[in-house]
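Residues in the sequence shown are numbered consecutively from 8, following the working numbering. We put the beta carbon where it would ideally sit given N, CA and C, even for glycine. Remarks on the structure that follows.
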Amino acid sequence: MITDFQYCPTLNSRMQIIKLSIKEKMESIGYTRRYYEHNED
Numbered sequence: 008m009i010t011d012f013q014y015c016p017t018l019n020s021r022m023q024i025i026k027l028s029i030k031e032k033m034e035s036i037g038y039t040r041r042y043y044e045h046n047e048d
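Quick look at the structure:
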């Protein structure tokens, strides 16, 4: 983890990138889960 931060100028920019990627994954997972849950009902 330390080596990763050394390449990044600021921790905030890296955290924003991580949050964006996680948000996209969670949204895609959430949509698929809702879709299947509604179909099961």
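Item                                                                                      : Value
Coarse secondary structure for threonine 39, derived from DSSP in three states            : helix
Cα-Cα separation between lysine 32 and isoleucine 25, rounded to whole angstroms          : 11 Å
Rounded straight-line distance, which links the Cα of threonine 39 to that of glutamine 5 : No information on residue 5 is available, as it lies outside the stretch 8 to 48 that the chain covers here.
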